[in-house]
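Chains as they are written, first to last, in the working numbering: chain A, -16 to 319; chain B, -16 to 319.
2 protein chains.
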Amino acid sequence: MAKGKKENRVHIEDVAKRAGVAISSVSRVLTGHKAVSESMRNKVEKAALDLGYQPDHLAQSLRRGSTKTIGFMIRDIMNPFFSIIAQSCEIELRKSHYSMILINSAGSESTEKSNFGVLKSRRVDGIISSLVSESSFTKNSLNSFTAPIVLLDREISGLTTSSVLCDHTSGVFDATKYLLSQGHKRIAFISGPENIYVTRNRLDGYEKAYESLNLKPPKDLIRLKDFSEKFAKEETHKLFKMSNPPTAILAGGIGSSGGVLHGLKELKIDLNQVKFIALDEWPFFDLLSPGLSSVHRDPETMGKYAAKLMLELINGGKPKSILIPTTFKNRDRASK
Amino acid sequence: MAKGKKENRVHIEDVAKRAGVAISSVSRVLTGHKAVSESMRNKVEKAALDLGYQPDHLAQSLRRGSTKTIGFMIRDIMNPFFSIIAQSCEIELRKSHYSMILINSAGSESTEKSNFGVLKSRRVDGIISSLVSESSFTKNSLNSFTAPIVLLDREISGLTTSSVLCDHTSGVFDATKYLLSQGHKRIAFISGPENIYVTRNRLDGYEKAYESLNLKPPKDLIRLKDFSEKFAKEETHKLFKMSNPPTAILAGGIGSSGGVLHGLKELKIDLNQVKFIALDEWPFFDLLSPGLSSVHRDPETMGKYAAKLMLELINGGKPKSILIPTTFKNRDRASK
DNA sequence: ACTAGTATTGGAAACGTTTCCAAGGATTTC
DNA sequence: GAAATCCTTGGAAACGTTTCCAATACTAGT
């Protein structure tokens, strides 16, 4: 109507008429119902093909009670970590004829809550989300939701959802241990909020590495708040105003890493002077000089598994968590 | 059912019963129909609030013939250029209560075509897309589509869609001119397929810069095929096998830029020896040394406008194109 | 006070499918 | 050869809304 084109949608009734059969028979053929004769199948399939019939997904959803749609709610799709997950997840879901509604929570718990409302009203068959927090507020939003939920690097106690978790501990442990072996004792640790799985898990690796050498982790160098570049940059500045500044830094997330790198640049501190290891991989890290080491979690695999866990839940499977390894990519030696 | 939770969806009928009125009256109140009395409005609103009623979007869509959903189809959401567009677009659309279905075309025309089918069957109210190509094949897919379409940096002749276009010409012109002014004559140009607006438009700026100085652009240094990192890397290798290799390179798109940078690294060519300017901005370009200059197009603004153009079309507006400026970010001097 | 007109309301059709149910025809079994 | 069974088919209800239409209640005009 807005456009001049004529609305030439073909309905199941048109197919039925052309094939000279009842509507219900067309539906049976097209949905692959068993009880249809060969001749009926042929007639209907031909008619449907001739007319280029495509069932109306809306009506199907309403009738079937399933939309074949998954809500994908994350903090920030601009973050390549999330966009890679989104991509592989979408590809995997599409194989099973599911579509994905993308919705940003922008790191706000209230936006997240209202998004839950939107997705509920749209009757998505499930939600895949990296929640803003694991607070009770969020827990309530989740509880009011009847469809299955798969969490990305989050874990809500007392709630039976599936989760795709990364084994940050081992990767961060290796990275920290490496730094300690290089003689660094004062290693700063900058990451997001303490009340989410990913941060706790990373911190765990960091502390365990110290403890494995009977050392105490330097509490004054641990800075946890959010994943913003701003926070990480400010903390970097603060760290180097200390009388006893760090000689190495670990920072989690792309935002944090950027903050540290920009902070160091502003302070005119070279990456040869202060050792920096990012707790997430970024496509061009290898191009920096010296090449940046990082702890790599595998977002592509995460997305794929998120989709798989979701489909399992939808098909009546039990919630479960899977753990994906992280690897410490040491680019010190790789500089051949 | 899969989950133990009871399905406690509240329907319009429940609200009607609680308020002691007819279903149609509830609907009128909730959709803001004018012909309702004050007392009716109060009764219904109270009942709806008490029960926490949220209309079923599916049934609404079916009846209204509008899903309030926009299909967002792009080649590669992992590309930050697209993910930034997606983000700002989604935020803008949500303000008007539209949701966005994300769907990857993976740079394949046939996938794109099948995606059109998916979106059509899902009855999206419109599609925002950066098409794989502007070929007649694609044109046919588009023509079979009745809902409005907004193109991102694409322009299909003879088809009246809205477009958000970037003025690459001026940015690339400035960049090329700058290189020429620095004494570079042999400037290579690597970009995606020739049959899309963005490439033609960039090439235009490149050639115009040469011509403005009465020089002929070096045709042997122009390499157009796709935006993959692979292609750009291979071409970089080939370029430096030439007897008369380039002294500077322009490459369009994130993939291409990565390909060139990695290619140069493999060739052990320093960014001080060969001048490289990227035709897209990437978050950490400023951290490389020397800092990378780039032509910046503004994806955030693009996404916002894409959403606006879409809403205009949906509301019966005429298709139109808007042109967004690009800027040459020279990081040579900025290295204070 | 009676009629014409208007504001408000309830009932039912419609959106486009799937699926239940019953009926009819074909096949089998005794 | 008739009864019982199975397979196939068509008709209609259902999914949860919006909106058309007709009916009622109310207002105002003479």
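In this text, a Cβ means the ideal position worked out from N, Cα and C, and glycines have one as well.
Exercise. Assuming proline 302 of chain A and leucine 294 of chain A make a contact with CB atoms under 8 Å, what is their CB distance in whole Å?
Worked result: Actually they are not in contact, since the Cβ atoms of proline 302 of chain A and leucine 294 of chain A sit about 13 Å apart, beyond 8 Å.
Exercise. Whose C-beta lies closer than 6 Å to the C-beta of glutamate 157 of chain A among residues of the same chain, with five residues either side of it excluded?
Worked result: The sequence shown places aspartate at residue 157 of chain A, not glutamate. These residues qualify, in order along the chain: Phe311.
For this session: Mind checking the segment 175 to 194 of chain A against chain B and listing, in chain order, the residues whose C-beta falls within less than 9 Å of any C-beta there?
Result: none
Exercise. Quick one: what's threonine 52 of chain A bridged to in DSSP?
Worked result: A:Ser82
Exercise. Is aspartate 150 of chain A helix, strand or coil by DSSP?
Worked result: strand
Exercise. Would a C-beta distance cut-off of 7 Å place glycine 236 of chain A and serine 71 of chain A closer than the cut-off?
Worked result: no
Exercise. If the cut is a Cβ gap below 7 Å, which residues of chain B does asparagine 87 of chain A touch?
Worked result: Gln70, Glu73 and Ile74
Exercise. With 16 as the cutoff for other CB atoms within 10 Å, does asparagine 62 of chain A come out buried or exposed?
Worked result: buried
For this session: Throw me the rounded Cβ distance for the leucine 207 of chain B and proline 176 of chain B pair, which I believe falls under 8 Å.
Result: 6 Å
Exercise. For the alpha helix (DSSP H) that valine 9 of chain B lies in, which residues bound it at each end?
Worked result: 6 to 13
Problem set entry | Contact set for arginine 280 of chain B: own chain, Cβ-Cβ below 6 Å, skip 5 residues either direction | Cys149 and Thr309
Exercise. Hey, quick one: how far does the alpha helix (DSSP H) through histidine 16 of chain B stretch, first residue to last?
Worked result: Note, histidine 16 of chain B: premise wrong, no alpha helix (DSSP H); not H, not E.
Problem set entry | is_contact[alanine -15 of chain B, chain A] using C-beta, thresh 7 Å | In this predicted model, alanine -15 of chain B has a pLDDT of only 36, less than 50, meaning its place in the structure is not dependable enough to derive any value.
Problem set entry | Min CB distance isoleucine 53 of chain B to chain A below 7 Å | no
For this session: Please confirm whether any heavy atom of the ligand ADP lies closer than 6 Å to the CB of histidine -6 of chain A.
Result: Ligands displayed in this structure: none; no statement on the ligand ADP is therefore possible.
Exercise. In angstroms, rounded to a whole number, what distance separates the CA positions of isoleucine 84 of chain B and asparagine 178 of chain B?
Worked result: 27 Å
For this session: Write down every uninterrupted run of the beta strand (DSSP E) in the segment 81 to 163 of chain A whose length is 3 residues or greater and which is fully enclosed by it, in chain order.
Result: 82 to 87, 109 to 112, 132 to 135 and 145 to 150
Problem set entry | Whether serine 304 of chain B touches serine 97 of chain B by CB criterion (7 Å) | no
For this session: Just confirm the distance between the C-beta atoms of tyrosine 180 of chain B and glutamate 117 of chain B, as a whole number of angstroms; I'd bet it's less than 8 Å.
Result: 7 Å
Exercise. Between serine 7 of chain A and aspartate 263 of chain B, what straight-line distance do the alpha-carbon atoms span, to the nearest angstrom?
Worked result: 54 Å
For this session: Return the CA-CA distance between isoleucine 132 of chain B and alanine 234 of chain A, expressed in angstroms with no decimal places.
Result: 42 Å
For this session: Specify the secondary structure class of arginine 24 of chain B as computed by DSSP and reduced to three states.
Result: helix
Exercise. Is alanine 5 of chain B buried or exposed, if buried means 16 or more other CB atoms sit within 10 Å of its CB?
Worked result: exposed
For this session: Pick helix, strand or coil for arginine 46 of chain A, following the three-state DSSP scheme.
Result: helix
Exercise. Going by other Cβ atoms of all chains shown within 10 Å of its Cβ, with 16 needed for buried, is proline 282 of chain B buried or exposed?
Worked result: buried
Problem set entry | DSSP bridge partner residues for histidine 279 of chain A (one or two, in chain order) | A:Thr310
Exercise. What separation, rounded to the nearest whole angstrom, lies between the Cα atoms of lysine 291 of chain B and glycine 109 of chain A?
Worked result: 29 Å
For this session: Pick helix, strand or coil for lysine 0 of chain A, following the three-state DSSP scheme.
Result: helix
Problem set entry | Where the alpha helix (DSSP H) through phenylalanine 342 of chain B begins and ends | Outside the modelled stretch of chain B, which goes from -16 to 319, sits residue 342 of chain B, for which no answer is possible.
Exercise. Does any CB atom of chain B fall closer than 7 Å to the CB of methionine 293 of chain A?
Worked result: no
Problem set entry | Identity of the residues DSSP links to alanine 30 of chain B by a beta bridge | Beta-bridge pairing links alanine 30 of chain B to no other residue.
For this session: Kindly indicate which three-state DSSP category phenylalanine 64 of chain B falls into: helix, strand or coil?
Result: helix
Problem set entry | Where the beta strand (DSSP E) containing lysine 258 of chain A begins and where it ends | 258 to 261
For this session: Please name the residues in the segment 17 to 33 of chain B whose beta-carbon is closer than 9 Å to at least one beta-carbon of chain A, in chain order.
Result: none
Problem set entry | CA nearest to the CA of serine 79 of chain B, picked from A:Val19, A:Glu249, A:Val101 and A:Tyr81 | A:Val101
Problem set entry | chain A residues whose Cβ lies nearer than 9 Å to that of valine 101 of chain B | His40, Arg77, His80 and Ser82
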